[in-house]
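**Student:** Take a look at the following structure, please.
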Amino acid sequence: MKHKCVAARTDSDKKGGQMIRQAMASIKGIWKRAGQHLTAPAFVALSPFRSKPAPISSLLSKTLFFSFCVFLGVFYGFWGTVLPPAFIILLIIPFLIFALLVLWLLPDTGDAPERTLKRLLLAFTAVTFLWPNYLAIVLPGLPWLSMRRIVGLAMVAVFLYSLSTSSKMRHEIVDAMNSIPLLWKLIVAFFVVQTISIAFSPYPVLAYKHWFNSQYAWTTVFFLSVYVFMKPGHISSWAKLICWAAVIVSLIAIAEQHNQMVLWANHIPPFFKIEDDAVERILTPTFRGNEYRSQGIFGVSLALAEFLALSFTLLLHRFAITRSSWERILLVAAMIAAVAGIAMSRARVGFMGLIVGISIYAFIWGYR
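Going by the numbering used here, the sequence shown opens with residue 181, and the numbers climb by one from there.
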């Protein structure tokens, strides 16, 4: 019995040793093949085919790429946690530069999406004058996602893509701006002054946030408008939208005066409600003496009065050029509503705007 156990143990030891030798041989074979693969020369292909790089070169480039990705993730993860929310915008700058570089490298595809650009401009105008900017979605670590910002960034993205891929669009914009050289020079000068003023701000990072908002809400809108308004009928559609917005905002101001508070102050959905002192001040009723000051969709009553005063001139122009009696009756009602909205704001600058606007319009009309 003892001899059988010794024999069985010897056979198992032999099998174990044989398995170890086979494993070592397999490892040596794999290592040898890997070494031959890595030391293989580059495969040179005839033009126009692409040559295959040497395996060792390909391995090094992939290793460097993934190492850079890991470093970038650690870098952004660390600073995104350490920096205050106002400074996180600095981490986005490299990605913006990279995106602009990609746009610059895109090939020319011909015509720009004219209809899409027009709709985006009208949508941006609508949310600017019909949606309160302080009703926004707030996600952790991100700025307010208001409707104005969402539509505005989409508009900027499509505009920059079209500008990069359509030489025809670029030429049309340049030709239009060259017809009034002083105008585009003033816009460029204004942009330069805005940029330089960041260096003189006591809080440059916070100033940069306002600078960024100005570029998509003002600068981009100007150049996009140059292209869109060259097409027949587009500027009329935009003017009609402003007129309708003025009427709607005026009615909101009149209803707000009756309620003595912002209409939606107690009916804001949770996903649009922002816990911020500035928003609380906006939603708090304001009075001049014992008279409530309507503010509509704006943050202050002064902005409501300014918008209605500027819109009144467009309503007046529509009244002067239309030939329809019914449309003139509606426009008179709209102008009365706009004046009432200005009166509900209790802002004297609104009536000053009315006087100046009517005077300048009458002068231009008489001159023409």
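All C-beta atoms, glycine included, are put in the ideal place defined by N, C-alpha and C. Remember, it's a predicted structure, so these values are computed and weren't measured experimentally.
(1) Which class does Y383 belong to by DSSP, given the choice of helix, strand or coil?
(2) Should Y314 be labelled buried (16 or more other beta-carbon atoms within 10 Å of its own) or exposed?
(3) Using a Cβ-Cβ cut-off of 8 Å (strictly less than) and excluding sequence neighbours within five positions of K182, which residues of its own chain qualify?
(4) Please return the same chain residues whose Cβ sits closer than 8 Å to the Cβ of A387, not counting the five positions on each side in sequence.
(5) Output yes or no for whether 9 Å exceeds the beta carbon distance between V406 and A445.
(6) As a quick exercise: from S238, L494 and P287, pick the residue whose alpha carbon is nearest that of S347.
(7) One question on the structure: do S430 and A500 come within less than 9 Å of each other, judged by their Cβ atoms?
(8) Tell me which same chain residues have a C-beta within less than 8 Å of the C-beta of M515, skipping the five on either side of it?
(9) Mapping the DSSP letters down to three states, classify K184 as helix, strand or coil.
(10) Could you pull the DSSP bridge partners for L325 from this structure?
(11) Can you find at least 3 beta carbon pairs, one from the region 283-302 and one from the region 336-353, that sit closer than 8 Å?
(12) Is the beta carbon of L297 less than 9 Å from the beta carbon of L340?
(13) Pull up the distance between the alpha-carbon of F164 and that of A485, whole angstroms please.
(14) From the DSSP output, in three-state form, read off E471 for me.
(15) In chain order, what residues of the same chain have a beta carbon less than 7 Å from the beta carbon of R526, not counting five sequence neighbours either side?
(16) Buried or exposed, going by whether 16 or more other CB atoms sit within 10 Å of the CB of V408?
(17) If contacts are defined as beta-carbon pairs under 8 Å, then T305 and W418 qualify, I think. What distance do you get, rounded to the angstrom?
(18) Can the beta-carbon of A489 be found closer than 9 Å to that of V427?
(19) To the nearest angstrom, how far is it from the Cα of E507 to the Cα of W424?
(20) For A433, collect the residues of the same chain with a Cβ closer than 7 Å to its Cβ; drop the 5 residues on either side in sequence, then sort them by chain order.
**Tutor:** On the basis of the supplied data:
(1) coil
(2) buried
(3) Per-residue confidence for K182 stands at a pLDDT of 48, beneath the threshold of 50, marking its modelled position as unreliable; the derived number appears in the next sentence. Same-chain partners within the cutoff: there are none.
(4) S377, I378 and S381
(5) no
(6) P287
(7) No, Cβ-Cβ distance for S430 and A500 is not below 9 Å.
(8) F492, L495, L496 and F499
(9) Note that K184 scores a pLDDT of 49, beneath 50, so its modelled location is shaky; the value from the coordinates is reported in the next line. K184 falls in the helix class under three-state DSSP.
(10) I317
(11) yes
(12) Against a cut-off of 9 Å, the Cβ pair of L340 and L297 comes out as no contact.
(13) Summary: the structure shown does not reach residue 164, with the chain confined to residues 181 through 548, and so no result is reported for it.
(14) strand
(15) R468, E471, R473 and S481
(16) buried
(17) 6 Å between Cβ atoms; contact.
(18) no
(19) 13 Å
(20) S474, G476, L484, G521, M524 and S525
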